[in-house]
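**Q** Attaching a single structure in structure tokens format; questions to follow.
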Ligand SMILES: [Zn+2]
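Numbering (the numbering used here), first residue to last: 126 to 397.
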């Protein structure tokens with residue numbers, strides 16, 4: 126059995142500020158250790174349920190956060206950036222399931238450190254007219270390969286997003302949001318225990334969960350934080366300016382939509 130893990134940082138228990146998630150932040154060293162240990166817990170649960178091949182894709186910022194010297198065997202680590210598939214790089218149709226760990230709510234939602242891909246540029250993302258965050262975007266990529274998302278972990282808002290999108294997904298809540306920058310968190314040991322149990326249960330019951338698919342072609346629309354960003358983004362061939370801050374693009378499938386979205390965000394990020 127093969128399991129793919131995409132690991133973000135904002136949804137790890139104990140993490141509530143950009144100072145913890147940025148490599149220049151004073152508390153980053155602690156945060157990356159917390160992140161690594163939540164991954165290790167999921168790996169232990171998956172191995173107990175019979176997983177033999179485990180690929181962990183570091184999916185936060187520069188994607189060099191996880192500590193390989195502390196990684197639970199026999200998981201392998203995909204580290205570094207850029208990667209063509211970004212948060213889902215390394216996934217293909219040979220995997221039995223995906224686990225999204227340390228994920229967070231989308232921009233405009235009430236979760237801890239809520240944002241969609243880039244907190245400095247993206248005001249809102251729509252896929253086929255539906256507001257989407259990183260959870261939906263990456264779940265649809267998994268669906269493209271016919272692989273189900275079996276488990277998600279993060280705060281209670283993220284878990285709510287997951288429930289609405291993926292029937293029978295195993296949700297693990299490690300913190301309850303109080304504001305974008307505050308949460309009631311499980312102690313590190315308890316968070317690891319519920320994650321390990323969740324990963325085990327998710328794999329044991331994996332037949333119940335179906336891959337989530339998005340209809341083709343995929344209509345992508347992004348509202349940026351101001352008009353200058355939309356002006357920088359709309360130079361992408363095929364992009365259409367739809368409003369003061371918004372740009373749209375039609376992609377043949379979700380993989381192309383994902384790449385288009387990242388291109389638009391990169392362009393938008395060139396202006397302040
Ligand atoms: Zn992140």
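The C-beta atom is built at its ideal place from N, Cα and C for all residues, glycine as well.
#1: Hey, would you say the C-beta of residue 163 is under 6 angstroms away from at least one heavy atom of ligand 1?
#2: Relative to ligand 1, is the shortest distance from any of its heavy atoms to the C-beta of residue 134 smaller than 6 angstroms?
#3: Please state whether DSSP places residue 211 in a helix, a strand or coil.
#4: Look at the alpha carbon of residue 245 and the alpha carbon of residue 345, and state the distance between them as a whole number of angstroms.
#5: Which one of 196, 263, 139 has the shortest CA to CA distance from residue 315?
#6: When the Cα atoms are used, what is the spatial distance from residue 291 to residue 339?
#7: Which residue spans inside the segment 234–317 form an unbroken alpha helix (DSSP H) run of at least 4?
#8: When you measure from the CB of residue 351 to every non-hydrogen atom of ligand 1, does any distance come out below 6 angstroms?
#9: Just how far apart, CA to CA, sit residue 359 and residue 389?
#10: Beta carbon of residue 263, beta carbon of residue 232: below 7 angstroms?
#11: Taking just the CA atoms, how far does residue 280 sit from residue 136?
#12: Using a Cβ-based criterion (distance less than 6 angstroms to any ligand heavy atom), does residue 185 qualify as near ligand 1?
#13: Counting pairs of beta carbons, one from the segment 219–236 and one from the segment 157–173, are three or more of them closer than 8 angstroms?
**A** Let's see:
#1: Translated into positions along the chain shown, residue 163 becomes position 38. Of the heavy atoms belonging to ligand 1, none sits nearer than 6 angstroms to the Cβ of residue 163.
#2: On the chain shown, position 9 is the one that residue 134 refers to. Yes, the Cβ of residue 134 comes within 6 angstroms of a heavy atom of ligand 1.
#3: In the chain shown, the residue the question calls residue 211 occupies position 86. Annotated three-state conformation of residue 211 is helix, per DSSP.
#4: For the purposes of this step, residue 245 is taken as the residue at position 120 of the chain shown. For the purposes of this step, residue 345 is taken as the residue at position 220 of the chain shown. Taking the straight line from one Cα to the other gives about 19 angstroms.
#5: For the purposes of this step, residue 315 is taken as residue 190 along the chain shown, with counting starting at 1. Considering only alpha carbons, the answer is 139.
#6: Counted from its first residue, the chain shown places residue 291 at position 166. Counted from its first residue, the chain shown places residue 339 at position 214. Those two C-alpha atoms are separated by around 12 angstroms.
#7: Fully enclosed alpha helix (DSSP H) runs of 4 or longer: 259–269, 281–290.
#8: Here residue 351 refers to the residue found at position 226 of the chain shown. When distances are taken from the beta-carbon of residue 351 to the heavy atoms of ligand 1, even the shortest one reaches 6 angstroms or more.
#9: Looking up residue 359 in the chain shown gives position 234. Looking up residue 389 in the chain shown gives position 264. Taking the straight line from one Cα to the other gives about 8 angstroms.
#10: Walking along the chain shown from the start, residue 263 turns up at place 138. Walking along the chain shown from the start, residue 232 turns up at place 107. No, the Cβ-Cβ distance between residue 263 and residue 232 is not below 7 angstroms.
#11: As a first step, residue 136 is located in the chain shown; it is residue number 11 there, counting from the start. As a first step, residue 280 is located in the chain shown; it is residue number 155 there, counting from the start. Each residue's alpha carbon lies about 6 angstroms from the other.
#12: Sequence index remark: in the chain shown, residue 185 carries index 60 (1-based). The answer is yes for residue 185.
#13: Output reads yes: the segment 157–173 touches the segment 219–236.
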